[in-house]
Ligand code: APR
């Protein structure tokens, strides 16, 4: 019997117990900031320093948080299971720090910045990279401003072909900690269902796309995911 192909998609809920705010919970980031002010290309054009400082504060926070048991449970599953793909909507590095080194970041990453001219990425997480001044690239003869390496609303998610290929070919599709508000991520459960996969959700509360899942487990991922993954592999 060939090994089951497991694909996991995570959202902000998996990092909540590490102390990273989600977006749409009561104390979520979008309760305090308008998306159009900090997470669109137009916002960056209109007031780059305001956008830059929003991301610099989230980049600084990455130095203060640790993976939680949910991140570690997924890293253990990946160690036990050859046919495993982890996709995240999150831009933190907690999956990598738990051990999932080939995590697919479909909405970008806080650790890297992108040259506005060449599009090249560079990791800039030293103390002097985390202040409020703009940073410039090392790839151009005349240094150019670096932008957050984040997929803003209105921009294309990253690695979308690889993501659809993995989901279309999986036997089990697990979503952890996502409200199912943002597409195309929120549609992946339908792609998995169409491919005949078993679809499982682990979330604090029922999200808007709850009906699409074969199995739903409500609770905190850090508390219930380890036990659920024991049965999955
Ligand atoms: N354990 C499990 N689920 C949790 C926990 C927890 N400890 N805490 C919160 N949740 C759930 C919430 O119930 C909610 O359904 O996580 C979900 C978080 O939803 P959002 O804040 O909308 O985050 P997400 O779904 O990842 O947002 C998707 O939207 O703003 C964009 O680019 C941003 O990647 C983000 C995308």
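Numbering (this note's numbering), first residue to last: 57 to 289. Think of the CB as a built atom: it goes at the ideal place given N, C-alpha and C, for glycine as much as any other residue.
- Per the coordinates, the alpha-carbon of residue 207 lies some 8 Å from the alpha-carbon of residue 214.
- Secondary structure of residue 110 (DSSP, three-state): helix.
- Secondary structure of residue 178 (DSSP, three-state): strand.
- Listed in chain order, the beta strand (DSSP E) elements of length 3 or more contained wholly in the segment 216-243 are 228-232.
- Note: residue 150 is not bridge-paired with any residue in the DSSP secondary-structure output.
- Taken through DSSP and simplified to helix, strand or coil, residue 136 comes out as helix.
- Distance from the CA of residue 68 to the CA of residue 89, rounded to the nearest whole angstrom, comes to 16 Å.
- Check the Cα spacing between residue 189 and each of 157, 113, 216 and 233: the tightest is with 113.
- For residue 164, the enclosing beta strand (DSSP E) has its first and last residue at 164-171.
- If you check the C-beta of residue 167 against the ligand APR, you find no heavy atom less than 8 Å away.
- Within the model, the alpha-carbon separation for residue 103 versus residue 288 is close to 46 Å.
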